[in-house]
Amino acid sequence: MQQRLSLNKPTQDKESETGPVTFLSGEQYRVCSGVKPLTRRRKKRFVIKRTVVSLASIELHPIRICTKNKLVHITNHMSVTEMFSHIQGFLGADQDVREDIRKVVQLLEQAAREILTVLQSVHQPSGFKEIPSKCARARELFCTVKTHIADLKTKFPAEQYYRFQEHWRFVLQRLAFLVTFVVYLESETLVTREAAAQILGIEVVREKGFHLDVEDYLAGVLIMASELSRLAVNSVTAGDYTRPLRISNFINELDSGFRLLNLKNDPLRKRYDGLKYDVKKIEEVVYDLSIRGLAKEAESAGDK
Amino acid sequence: MNTRGGDGCPRKKADAAQDRDAGDKPPTPVIAAFKVFQQELDTKHDKYERLVKISRDVTIESKRTIFLLHRVTSVPNAEEILNEAEVKLDGVRQKIGQIAEELRGEDIYQFHRAFTPGIQEYVEAVSFLHYIRHRSLISLEEINASLVFMRTEEDAAETLLPGTHVLTFQVTPSDYLLGVADLTGELMRMCISSVGNGDIDTPFQLSQFLRQIHDGFSYIGNTGPYEVSKKLHTLRQSLAKVEDACYALRVRGSEIPKHMLADVFSSRTTLIDPEEGVV
Numbered sequence: 008m009q010q011r012l013s014l015n016k017p018t019q020d021k022e023s024e025t026g027p028v029t030f031l032s033g034e035q036y037r038v039c040s041g042v043k044p045l046t047r048r049r050k051k052r053f054v055i056k057r058t059v060v061s062l063a064s065i066e067l068h069p070i071r072i073c074t075k076n077k078l079v080h081i082t083n084h085m086s087v088t089e090m091f092s093h094i095q096g097f098l099g100a101d102q103d104v105r106e107d108i109r110k111v112v113q114l115l116e117q118a119a120r121e122i123l124t125v126l127q128s129v130h131q132p133s134g135f136k137e138i139p140s141k142c143a144r145a146r147e148l149f150c151t152v153k154t155h156i157a158d159l160k161t162k163f164p165a166e167q168y169y170r171f172q173e174h175w176r177f178v179l180q181r182l183a184f185l186v187t188f189v190v191y192l193e194s195e196t197l198v199t200r201e202a203a204a205q206i207l208g209i210e211v212v213r214e215k216g217f218h219l220d221v222e223d224y225l226a227g228v229l230i231m232a233s234e235l236s237r238l239a240v241n242s243v244t245a246g247d248y249t250r251p252l253r254i255s256n257f258i259n260e261l262d263s264g265f266r267l268l269n270l271k272n273d274p275l276r277k278r279y280d281g282l283k284y285d286v287k288k289i290e291e292v293v294y295d296l297s298i299r300g301l302a303k304e305a306e307s308a309g310d311k
Numbered sequence: 070m071n072t073r074g075g076d077g078c079p080r081k082k083a084d085a086a087q088d089r090d091a092g093d094k095p096p097t098p099v100i101a102a103f104k105v106f107q108q109e110l111d112t113k114h115d116k117y118e119r120l121v122k123i124s125r126d127v128t129i130e131s132k133r134t135i136f137l138l139h140r141v142t143s144v145p146n147a148e149e150i151l152n153e154a155e156v157k158l159d160g161v162r163q164k165i166g167q168i169a170e171e172l173r174g175e176d177i178y179q180f181h182r183a184f185t186p187g188i189q190e191y192v193e194a195v196s197f198l199h200y201i202r203h204r205s206l207i208s209l210e211e212i213n214a215s216l217v218f219m220r221t222e223e224d225a226a227e228t229l230l231p232g233t234h235v236l237t238f239q240v241t242p243s244d245y246l247l248g249v250a251d252l253t254g255e256l257m258r259m260c261i262s263s264v265g266n267g268d269i270d271t272p273f274q275l276s277q278f279l280r281q282i283h284d285g286f287s288y289i290g291n292t293g294p295y296e297v298s299k300k301l302h303t304l305r306q307s308l309a310k311v312e313d314a315c316y317a318l319r320v321r322g323s324e325i326p327k328h329m330l331a332d333v334f335s336s337r338t339t340l341i342d343p344e345e346g347v348v
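So the protein sequences, as listed, match chains A and B. What the first sequence shows, in the working numbering, is residues 8 to 311, in sequence order. What the second sequence shows, in the working numbering, is residues 70 to 348, in sequence order.
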């Protein structure tokens, strides 16, 4: 792949008429009518110009200039077999990259499972007192996640994020969930996308590199919502009657937030459709508490 | 389309409700954040829809070009048809230029699914034209070479003024492969129809060419994307049809009136077991 990066290599003088043609295998090229035989200086200028065009696979296929008016014949040297082995080269390289990514993603999944195990203990009756310490422990584990993600970034060209996205999409959503959950347990607020990305050691906007896609972040938030509905139930069992009310407020706010989005018929939409059941569940818990006067009792207890 | 239209209505209501809320009290941080997400998602979805639309146009025009090219075998002045096809493909390229415009500064793989069918169809058309002209397989580089667009406010192509920008569209290797796989189907049709016109050489050329492509795909095997292996099956059927046609021509061509040959192939090809294959 790399040896095709021969844009600056001076081509034969005659061919240089065709603009920065590096791959002289075609039969016909449409050549830019305006382009005079390119001097080397020009070519450099052109190359600089082209780097402005951000393109995922620019180094894989060098570009040539062309417009409609003039046709230049270049004889064909490439047989069908050569063409296919050429393509196979791309595919083979692609597979290697995927293989590397998969290995790192496995480590990430392992780390995510560990964090989840730590956080699961908050559902235990004894766990409610330990929430701060559990969160601190989870925060520590996020450091290993950070290093794994840093490793993952080196496995593929930064501008090809979406090409390989399906490999880490699942685990990134899990991680987004874990981050939002930890921050909720700590401060009972919704973590911003920026803060979540920061905890994972990644960017928010695509242009800066490996980033937290907005859909992945939202998916993480939705996973947290169902986790919170579970937490509401368990906190009642553990005798904490105020928490469900706070969770209820929070989830309602989330729900009205999601209502603002115009979701397409995609995985995120499907997940969002589940949010109403979480809302319902929490409302039931709040109802149960209030008809028994437990909510009020808790409130007055809180006032004291 | 319907779903988008359906989405539009509740959205207005939600917006209105939101505006009312906003009048009462300032939006909470959560709501403010979700407003940002709303914008971001809408921009993305709109772009996706636009790309799907262009891609559909590309598909339709490419299909028409292919139909036009099939007429080549039965018309005396083939050159005229080829030129007409060239003009049509220029139109398609302009459309692909629009795709490139949409994708400026974006990750092309983020929206790849929106336009991949159109691009595959374009590859099919352009490689079909190339085969008819030159009897060879167009390379990925050649396809990409014709997808460079100069966008200028004035005619500044020569000087590459700051106002100019070069737009390229890169066909991915897998789109190229899938397009070439589709091409074999067209070649098979061309083979059969050329026999109908009494052309005895073309089927043999075609069968050789198809065999080369088939070998190429076998070489790639399962390293390619999933769709390639699916298309390999169809490819094998097309190849078998063409090979059978050549067989029939060789064995019985001298005995049977030419206009009946086509019937001979069609009755033969039905006997082919689809599971039968080399690999």
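Every residue gets a Cβ at the ideal spot worked out from N, C-alpha and C, and that includes glycine.
- Here E210(A) is bridged, per DSSP, to H218(A).
- L252(A) and L229(A) have their alpha carbons spaced roughly 19 Å apart.
- Contact between R140(B) and I150(B) holds, since their C-beta atoms are separated by about 6 Å, short of 8 Å.
- The beta carbon of G248(B) sits closer than 6 Å to those of Q189, V192 and E193, all from its chain and outside the five residues before and after it, given in chain order.
- Beyond the five residues adjoining it in sequence on each side, P272(B) comes within less than 7 Å, by CB distance, of C260, S263, V264, V311, A314, C315 and L318 in the same chain, given in chain order.
- Closer than 8 Å to the CB of I258(A) there is not a single CB belonging to chain B.
- For L246(B), the closest of R202(B), S215(B) and L304(B) by C-alpha to C-alpha distance is L304(B).
- With respect to the C-alpha of E116(A), the residue from V152(A), R278(A) and P139(A) having the closest C-alpha is V152(A).
- At least one CB of chain A lies nearer than 8 Å to the CB of E109(B).
- Counting only unbroken stretches of 3 or more residues, the beta strand (DSSP E) elements lying wholly within the stretch 216-301 of chain B are 217-220 and 234-237, in sequence order.
- Under the criterion of beta carbons closer than 8 Å, I282(B) and V87(A) qualify as touching, at roughly 6 Å.
- Boundaries of the alpha helix (DSSP H) around V105(B): P98 to H139.
- Contact annotation: Q95(A) and I289(B) have beta-carbon atoms nearer than 8 Å.
- Under the Cβ criterion of 8 Å, P272(B) is not counted among the residues facing chain A.
- Taking a Cβ-Cβ threshold of 9 Å, the residues of chain B close to G99(A) are T292, in chain order.
- Apart from the 5 residues on each side of it in sequence, F171(A) sits with its Cβ closer than 8 Å to the Cβ of V104, R105, I108 and F163 in its chain, given in chain order.
- Among the CB atoms of chain A, one or more fall inside 8 Å of the CB of Q281(B).
- Proximity of chain B to R170(A) at the Cβ level (cut-off 7 Å) is accounted for by Y178, in chain order.
- Going by beta carbons, K141(A) and L126(A) fall inside the 8 Å limit.
- If one requires a minimum length of 4 residues, the alpha helix (DSSP H) runs lying completely within the stretch 156-210 of chain A are 172-194 and 200-207, in chain order.
- Exclusion of the five residues before and after E170(B) leaves L236 as the residues of its chain whose Cβ lies within less than 7 Å of its Cβ.
- At a Cβ-Cβ threshold of 8 Å, V293(A) and S255(A) count as neighbours.
- Between R119(B) and R278(A), the alpha-carbon positions lie close to 25 Å from each other.
- Cβ neighbours of A154(B) within its own chain (closer than 7 Å, five residues either side excluded): T134, L137, L138 and L198.
- Within the same chain, and ignoring the five residues on either side of K164(B) in sequence, the residues whose Cβ sits closer than 6 Å to its Cβ are I123, D126 and V127.
- In terms of CA proximity to L207(A), T154(A) leads the group R266(A), E214(A), T154(A) and E173(A).
- Spanning the alpha carbons of F149(A) and G216(A) requires a straight line of approximately 20 Å.
- Proximity of chain B to F265(A) at the Cβ level (cut-off 8 Å) is accounted for by F103, in chain order.
- Contact annotation: in the stretch 196-219 of chain A, residues whose CB is within less than 7 Å of a CB in chain B are L197, T199 and R213.
- Boundaries cannot be given for R173(B), as no alpha helix (DSSP H) includes it and DSSP labels it neither H nor E.
- Around the beta-carbon of V156(B), fewer than 16 other beta-carbon atoms lie within 10 Å, marking it exposed.
- For the stretch 84-95 of chain A, residues whose beta-carbon sits nearer than 8 Å to a beta-carbon of chain B comprise M85, S86, V87, T88, M90, F91, S92, H93, I94 and Q95.
- Contact residues of the stretch 236-267 of chain B toward chain A are L236, T237, Q239, T241, P242, S243, Y245 and L246 (C-beta to C-beta distance below 8 Å).
- Considering only P132(A), D273(A), N272(A) and A119(A), the residue with the shortest C-alpha distance to S242(A) is P132(A).
- Every alpha helix (DSSP H) of 4 residues or more that sits fully in the stretch 244-309 of chain A is shown, in chain order, as 250-266, 274-280 and 282-298.
- Residue T142(B) holds the alpha-carbon nearest to the alpha-carbon of D270(B) among T142(B), A102(B) and K116(B).
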